[in-house]
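Peer 1: First the structure, which I've put down as structure tokens, then a few questions once you've had a look.
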Amino acid sequence: MSIRAVLFDAGNTLLFLDYARLAAAVTPVAGRPLTAAGLAAGAEEAALAMERGAGTDHERASLYLDALFRLAGVEEWRMGDVRDALVRLHAERHLWTGVDERTAAVLGRLREAGLRLGVVSNSDGRVDQALEAAGLREFFDVVVDSGLTGVEKPDPRSFAPALDALDVPAADALYIGDIYEVDAVGAAAAGLAVALVDRDGRHAHRPLPSAPTVADVIDLLVLRGELHLEPDPAIRGLS
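Note that our numbering has the sequence shown beginning at 382, numbered continuously upward.
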């Protein structure tokens, strides 16, 4: 594998829901106190509901959010108010601004190694804003947002604007996402190598690299000799 560019999904790969902010904002209409830990506890099951869902990325994201709050004990008849509160919250600032503590450092390592970096996301036209709010925008040469291009993954055409901007052929690029049916299928169809962020091990049976975080995925690929980068001296136990 001769990788010259690494492209990333945004939600649940680089960026995560700000559970504390969600809990504080939605509690007044939820009929019960919500906590960041309580919402996060339902993330795996909500992700499975999202992966089973059909339709657009917006519809899948709605399934994910609905599942999170139902799993936290919110009654069905209150969900309309919950959705309204989320819309208001998202209008104020993007909901997806949480970041794993090692992500910025590993993105810096990739840049220092001379790799070109980009984001290809199914979003609502504001992924650039979300990356900026999360402190990650500076690492990327290009950000492609389906809300602006009108083309959503898994359509392989989603990746063309990023590859063109980076002047890198698909065969020399890696895509890291989190949803097999959307990210892996789409990127593979476009000719990119693929790896998955898999926080709960549900993709361990698939024949492609996967690990719990972006940093872990990069370290795994380095150890396997599939990405040329100085290993992180802090890693342990990956193979």
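From the three backbone atoms N, C-alpha and C, an ideal C-beta is built for every residue, glycine too. No experiment lies behind these values; they were computed from the predicted model shown.
Can you round the beta-carbon distance between Ala386 and Arg497 to whole angstroms, since I take them to be within the 8 angstroms contact cut?
Peer 2: About 4 angstroms separates the two Cβ atoms, so the contact holds.
Peer 1: In the DSSP output, which residue or residues are listed as bridge partners for Ser591?
Peer 2: Leu577.
Peer 1: Where does Leu496 fall in DSSP's three states?
Peer 2: Leu496: coil per DSSP, three-state reduction.
Peer 1: Determine whether the beta carbon atoms of Ala546 and Val501 lie at a separation below 7 angstroms.
Peer 2: Cβ atoms of Ala546 and Val501: not closer than 7 angstroms.
Peer 1: Name the residue from Asp465, Ile384, His475 and Ala485 whose alpha carbon lies nearest to the alpha carbon of Val595.
Peer 2: The shortest Cα separation from Val595 among Asp465, Ile384, His475 and Ala485 belongs to Ala485.
Peer 1: Identify, in the order they occur along the chain, each residue of the same chain with its Cβ nearer than 7 angstroms to the Cβ of Val487, setting aside the five sequence neighbours on each side.
Peer 2: Val595, Ala596 and Ile599, listed in sequence order.
Peer 1: Which of the three DSSP states, helix, strand or coil, is assigned to Phe540?
Peer 2: In the structure shown, Phe540 sits in a helix (DSSP, three-state: H, G or I).
Peer 1: Let me know the secondary structure DSSP gives Leu398 once reduced to three states.
Peer 2: Reduced to three states, the DSSP call for Leu398 is strand.
Peer 1: If I follow the unbroken alpha helix (DSSP H) through Ala417, where does it start and stop?
Peer 2: Element bounds for Ala417: Ala417 to Ala421.
Peer 1: Determine the direct distance from the alpha carbon of Arg413 to that of Ser620, and round the result to whole angstroms.
Peer 2: Low per-residue confidence applies at Ser620: pLDDT is 40, beneath 50, and the placement is therefore not dependable, though the value from the model is reported in the following sentence. About 44 angstroms.
Peer 1: Of all the options Pro550, Gly516, Ala511 and Pro588, which has the alpha carbon lying nearest to the alpha carbon of Glu565?
Peer 2: According to the sequence displayed, residue 565 carries Ala and not Glu. Nearest C-alpha to Ala565: Pro588.
Peer 1: Is the beta carbon of Val603 within less than 6 angstroms of some heavy atom of the ligand COA?
Peer 2: With respect to the ligand COA, the structure offers nothing, as it holds no ligand at all.
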